[in-house]
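>
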Amino acid sequence: MSPTTAVVTGLGIVAPTGLGIEEHWQAVLAGKSGISRITRFDPSEYPTKLAGEVAGFTAKGRVPGRLIPQTDHWTHMALFAAESSLADAGVDPTELPEFEMAVVTSSSSGGTDFGQHEMERLYQNGPSWVGAYQSIAWFYAATTGQISIRHGMRGPCGVICAEQAGGLDAIGQARRLLRTQSQLVVTGGTDSSLCPYGLVAQLPTGLLSTSDSSDRAYLPFDTDAAGYVPGEGGAILVTERETTASARGLGKGYGTILGYAAGFDQSERTDRKPVLASVIRRALDDAQLNTADIDVVFADASADPKQDLVEAEAITEVFGARGVPVTAPKTLTGRLFGGGAPLDVATALLALRDGVIPFTAGPNRLANGIEIDLVLNTPREAQLRHALVLARGYGGFTAAMVVGKGDRAAS
Amino acid sequence: MSKFDLDDLRAIMRESAGVDEDIDLNGDIADIEFTELGYDSLAVLELASQVQRKYSVPIPDDAVHEMLTPRAAVDYINKQFSIAGV
Numbered sequence: 056m057s058p059t060t061a062v063v064t065g066l067g068i069v070a071p072t073g074l075g076i077e078e079h080w081q082a083v084l085a086g087k088s089g090i091s092r093i094t095r096f097d098p099s100e101y102p103t104k105l106a107g108e109v110a111g112f113t114a115k116g117r118v119p120g121r122l123i124p125q126t127d128h129w130t131h132m133a134l135f136a137a138e139s140s141l142a143d144a145g146v147d148p149t150e151l152p153e154f155e156m157a158v159v160t161s162s163s164s165g166g167t168d169f170g171q172h173e174m175e176r177l178y179q180n181g182p183s184w185v186g187a188y189q190s191i192a193w194f195y196a197a198t199t200g201q202i203s204i205r206h207g208m209r210g211p212c213g214v215i216c217a218e219q220a221g222g223l224d225a226i227g228q229a230r231r232l233l234r235t236q237s238q239l240v241v242t243g244g245t246d247s248s249l250c251p252y253g254l255v256a257q258l259p260t261g262l263l264s265t266s267d268s269s270d271r272a273y274l275p276f277d278t279d280a281a282g283y284v285p286g287e288g289g290a291i292l293v294t295e296r297e298t299t300a301s302a303r304g305l306g307k308g309y310g311t312i313l314g315y316a317a318g319f320d321q322s323e324r325t326d327r328k329p330v331l332a333s334v335i336r337r338a339l340d341d342a343q344l345n346t347a348d349i350d351v352v353f354a355d356a357s358a359d360p361k362q363d364l365v366e367a368e369a370i371t372e373v374f375g376a377r378g379v380p381v382t383a384p385k386t387l388t389g390r391l392f393g394g395g396a397p398l399d400v401a402t403a404l405l406a407l408r409d410g411v412i413p414f415t416a417g418p419n420r421l422a423n424g425i426e427i428d429l430v431l432n433t434p435r436e437a438q439l440r441h442a443l444v445l446a447r448g449y450g451g452f453t454a455a456m457v458v459g460k461g462d463r464a465a466s
Numbered sequence: 471m472s473k474f475d476l477d478d479l480r481a482i483m484r485e486s487a488g489v490d491e492d493i494d495l496n497g498d499i500a501d502i503e504f505t506e507l508g509y510d511s512l513a514v515l516e517l518a519s520q521v522q523r524k525y526s527v528p529i530p531d532d533a534v535h536e537m538l539t540p541r542a543a544v545d546y547i548n549k550q551f552s553i554a555g556v
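Chains A and B supply the protein sequences, listed in that same order.
If you use our numbering, the first sequence closes out at 466, no skipped numbers anywhere.
If you use our numbering, the second sequence closes out at 556, no skipped numbers anywhere.
1) If residue 416 of chain A sits next to residue 386 of chain A, beta carbons under 8 Å apart, how far is it from one beta carbon to the other, in whole angstroms?
2) Could you give the residue range of the beta strand (DSSP E) that holds residue 301 of chain A?
3) Using three-state DSSP, classify residue 291 of chain A as helix, strand or coil.
4) Could you pull the DSSP bridge partners for residue 537 of chain B from this structure?
5) Is it right to say residue 481 of chain B is buried, meaning 16 or more other beta carbons lie within 10 angstroms of its own, or is it exposed?
6) Would you say residue 413 of chain A and residue 402 of chain A are within 8 Å of each other, going by their C-beta atoms?
7) Under the rule that 16 or more other beta-carbon atoms within 10 Å means buried, what is residue 100 of chain A, buried or exposed?
8) Unbroken beta strand (DSSP E) runs of length 3 or more, entirely within the segment 180-240 of chain A: which are they?
9) Rounded C-beta distance between residue 379 of chain A and residue 400 of chain A? I'm assuming under 8 Å.
10) Considering only residues of the same chain and omitting the five flanking positions on each side of residue 474 of chain B, which have a CB-CB separation below 8 Å?
11) Consider the Cβ of residue 521 of chain B: report whether some Cβ of chain A lies at a distance smaller than 8 Å.
12) Using CA coordinates, which residue listed in B:541, B:542, B:529 is at the minimum distance from residue 183 of chain A?
13) Taking one C-beta from the segment 339-353 of chain A and one from the segment 250-269 of chain A each time, how about it: are there three or more such pairs within less than 8 Å?
14) Quick check: residue 146 of chain A and residue 274 of chain A, are their CB atoms within less than 8 Å of each other?
15) Report yes or no: do the segment 279-296 of chain A and the segment 137-144 of chain A share at least 3 C-beta pairs separated by less than 8 Å?
16) Which residues in the same chain as residue 95 of chain A place their Cβ atom closer than 6 Å to its Cβ, once the five residues preceding and following it in sequence are excluded?
17) Quick one: Cα of residue 334 of chain A to Cα of residue 371 of chain A, how far?
18) Which value, in whole angstroms, describes the spacing of the CA atoms of residue 126 of chain A and residue 120 of chain A?
19) According to the neighbour-count rule (16 or more other Cβ atoms, all chains shown, within 10 Å of its Cβ), is residue 181 of chain A buried or exposed?
20) If you draw a straight line from the alpha carbon of residue 389 of chain A to that of residue 267 of chain A, how long is it in whole angstroms?
21) To which residues of the same chain is residue 189 of chain A closer than 6 Å at the C-beta, ignoring the five residues directly before and after it?
22) Applying the 10 Å Cβ sphere with the 16-neighbour rule, what's the burial state of residue 149 of chain A?
23) So residue 129 of chain A and residue 91 of chain A are supposed to be a Cβ contact under 8 Å. How far apart are they, rounded?
24) In whole angstroms, what is the alpha-carbon distance linking residue 264 of chain A and residue 393 of chain A?
25) So what does DSSP say about residue 312 of chain A, is it helix, strand or coil?
26) So, with DSSP's three-state summary, where would you put residue 525 of chain B?
27) Going by the beta-carbon positions, is the gap between residue 314 of chain A and residue 404 of chain A smaller than 8 Å?
28) What residues from chain A crowd round residue 512 of chain B, counting only those whose CB sits closer than 9 Å?
29) Which first and last residues belong to the alpha helix (DSSP H) in which residue 402 of chain A is found?
30) Counting along the chain, where does the beta strand (DSSP E) carrying residue 161 of chain A start and finish?
31) Determine the DSSP secondary structure at residue 115 of chain A, reduced to helix, strand or coil.
Next up, the structure:
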């Protein structure tokens, strides 16, 4: 490990599976789903009626009162997760140089709920009724900005918008910053788009599940795969250099970010081969690891039959048929867009910590041509050293990340 | 008797920009700058816009530069009332 190796020292989780690390992790191991009928609005007029809502989350008491009316629900969740993550890492940002701390998050939807509310006021009452905070609350960078302001982190901050792949890109950027000018980067992301405007914006892709049955709605790699369920939430990670983490006695923390690569698929019309297999290989090269070093793959699991096949074929091309255990705990939360991959990374680190691969709840019969070892029905205990996390975003975004086991014990 | 007093402003401050748990808006805030109370220029802009809607009195956007403290805001708003003749 080099002195600038990125170590994950803190986790903050806000997910349909639970608030907080252990609540989420226990729900994942038990296969307890956070997917149910949408309650945020009446979904009966919409083709998609199920979602993974973070049922237990309210901003009051978890987010500074002044920030509640100024920011969207997605930012509320990230502010809470960032604060939890910093506390978990044992970091007091006031003791660190402000320009050596940065914030890089992913966001796919921005503040759609806030935006919808302000647009309703615009159309119903006129321009003077649109609140001043609309100017900053909807914006993709709002979460990064509010975390940065709140914790006095004035290093090179940014936001990455790459749909479901953006979460890995954000963590990849955090790792890059730790190698150069930053000693601590708050990263990961959340998303929340569970309002009519946010949902309708996704419908034209045709990739959303229209099933009414919460345990059969999101079935990646299955013969009955018919789209994904949207969800909200995500995870915020505190990443630090190995040297600073060690100096605080944290060692390798929850684990290390060892490899990252990204690519972009051409339009299907070009007949160009999807980039996923080559992105996986580059992530492994970046981590200086071989396929035999990877003990589990956290799949993107789009549940679009065509994209499932693309993903399974890429995994098989690199690892061989059923050559590595594959899992997709996101069937319990739905796809979380900018928050999805950070949550997968957090879950992967917990799997490495406890030596157990969570199972994929839902699928029971793999579709033709899917030759992967999908962990089903029950968690699988195993010696785990490294996990590969895959993320693919609508439009072609593709990313892969290799994480290594840390040395932090379960609390 | 002024049409708009500090308590009216307090109510709008709570509603428009939220309340910082560390700051007691009921206290003697009249001469404390908005920034010190945790209300940045965007918060004051929002506050002005709510006064405008609620009391149907025109408040131009650049008025925020004159409304640096709650007392200055109350004075400015009352001045606008008298200009508007309400």
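Using N, Cα and C, we set each Cβ at its ideal position, and we do this for glycine too.
Considering the structure as presented:
1) 5 Å
2) Run containing residue 301 of chain A: none in the beta strand (DSSP E); it sits in the alpha helix (DSSP H), 297-302.
3) strand
4) In DSSP, residue 537 of chain B forms no bridge with anything.
5) exposed
6) yes
7) exposed
8) 213-215
9) At roughly 17 Å, the Cβ-Cβ gap does not stay under 8 Å, so residue 379 of chain A and residue 400 of chain A are not in contact.
10) 521, 525, 544, 547, 548, 551
11) no
12) B:529
13) no
14) no
15) yes
16) 249
17) 14 Å
18) 11 Å
19) exposed
20) 14 Å
21) 173
22) exposed
23) In fact, because the Cβ distance is near 20 Å, the residues do not count as touching under 8 Å.
24) 19 Å
25) strand
26) helix
27) no
28) 125, 187, 188, 190, 191
29) 395-409
30) 156-161
31) strand
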